[in-house]
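Below: one structure, written as structure tokens.
Residue numbers (the working numbering): 335 to 642.
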């Protein structure tokens, strides 16, 4: 059981500990064996087809970009330690996000249904999760307005605070992830509200939105999913809260381990989907023509061969 008194912590230290717990919970949640079992039995795989406009070179480019970026997380973890790893930890969030984004783009390109903006790609991820086109393990979502957020494919048991986590208790792990989803959704709802710039008849900024306006904001944001959690931390680590990631309380090694696993799991799903569309032999040919000496990818290719 990991629990601390929030009242005794400075804000960056509290945020650092919260970040540690959030990503540890995701690492525990994303069990690779369960993911593999789900993929083997996912009916959506049998329905995947390439539409006209699928370009092999584009798929190859995005796939290799995703793999190369994923390997950088491993390189940082294995070649940096102590203060050097701590000072570099804020870079692992954009690395993880861009690796996941690239492999998802490879899948979208393989389908012949590309999306050109980060917002639209993230919405596609959430749509696939909502429609049951992803394994349940990665399909947890938050929906609704700021003060009435609901969850799908995960349950909030209301256990503990944002820095309280028992990794041996599934309810504690799920509650932590729900807390992470809730905070992330509120951020995007607030951001969308600012972007929409609701005003009164006199032209002043609205203090309170109508029910219709709140629903409009929620609809514009769309469901909040796992990829949004990574994307949000990518922003925070680069711009909003850099002090959090330089706090002595940030678990740099733990963050790297968590993001390596999350990235590996999501990339594995999209690799399987690309193989289903383009053929396992084609994907394996891309893999062998760009040797990265990356053990996780080697294992994933073995798993993909087993699936097909």
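Ideal Cβ positions, reconstructed from N, Cα and C, are used throughout, including at glycine.
>> According to DSSP, simplified to helix, strand and coil, what is residue 539?
In response: strand
> Where does residue 447 fall in DSSP's three states?
Replying inline: coil
> In the DSSP assignment, what are the bridge partners of residue 617?
Replying inline: Residue 617 pairs with nothing; no bridge assigned.
> Quick one: what's residue 476 bridged to in DSSP?
Replying inline: 485, 558
>> So, at 6 Å on beta carbons, what are the nonlocal neighbours of residue 624 in its own chain, with the 5 sequence-adjacent residues on each side left out?
In response: 398
>> Less than 7 Å between C-beta atoms, sequence neighbours within five positions excluded: which residues of the same chain meet that for residue 360?
In response: 511, 592, 596
>> Alpha carbons only, please: which of 373, 369, 394 is nearest the one belonging to residue 612?
In response: Of the candidates 373, 369, 394, the one whose C-alpha sits nearest the C-alpha of residue 612 is 394.
> Using the C-alpha atoms, what's the distance from residue 541 back to residue 564?
Replying inline: If you take the alpha carbons of residue 564 and residue 541, they lie about 30 Å apart.
>> Please return the same chain residues whose Cβ sits closer than 7 Å to the Cβ of residue 356, not counting the five positions on each side in sequence.
In response: So the qualifying residues of the chain are 510, 514.
>> Rounding to the nearest angstrom, what Cα-Cα distance links residue 442 and residue 506 in this structure?
In response: 34 Å
> Using 8 Å as the Cβ pair cut-off and three pairs as the minimum, do the region 447–455 and the region 463–477 touch?
Replying inline: no
> With respect to the alpha helix (DSSP H) encompassing residue 356, which residues constitute its N-terminal and C-terminal limits?
Replying inline: 345–363
> Who pairs with residue 533 in a beta bridge, going by DSSP?
Replying inline: 539
> Which residue's Cα is closest to the Cα of residue 641: 589, 530, 374, 463?
Replying inline: 374
>> Quick check on the burial criterion: 16 or more other C-beta atoms within 10 angstroms. Buried or exposed for residue 590?
In response: buried
>> When you compare the CB positions of residue 637 and residue 370, do they come within less than 8 Å of one another, or not?
In response: yes
>> What does the alpha-carbon distance come out to for the pair residue 619 and residue 607?
In response: CA-to-CA, the gap between residue 619 and residue 607 works out to about 16 Å.
> First and last residue of the alpha helix (DSSP H) that includes residue 377?
Replying inline: Looking at the DSSP string, residue 377 is not in any alpha helix (DSSP H), and its letter there is neither H nor E.
> From this set, 621, 498, 408, 532, which residue's C-alpha is nearest residue 429's C-alpha?
Replying inline: 408
> Alpha carbon to alpha carbon, how far is residue 481 from residue 616?
Replying inline: 48 Å
> Between 628, 586, 630, 527, which lies nearest to residue 421 when the distance is taken from Cα to Cα?
Replying inline: 586
> Are there 16 or more other CB atoms within 10 angstroms of the CB of residue 347, so buried, or fewer, so exposed?
Replying inline: buried
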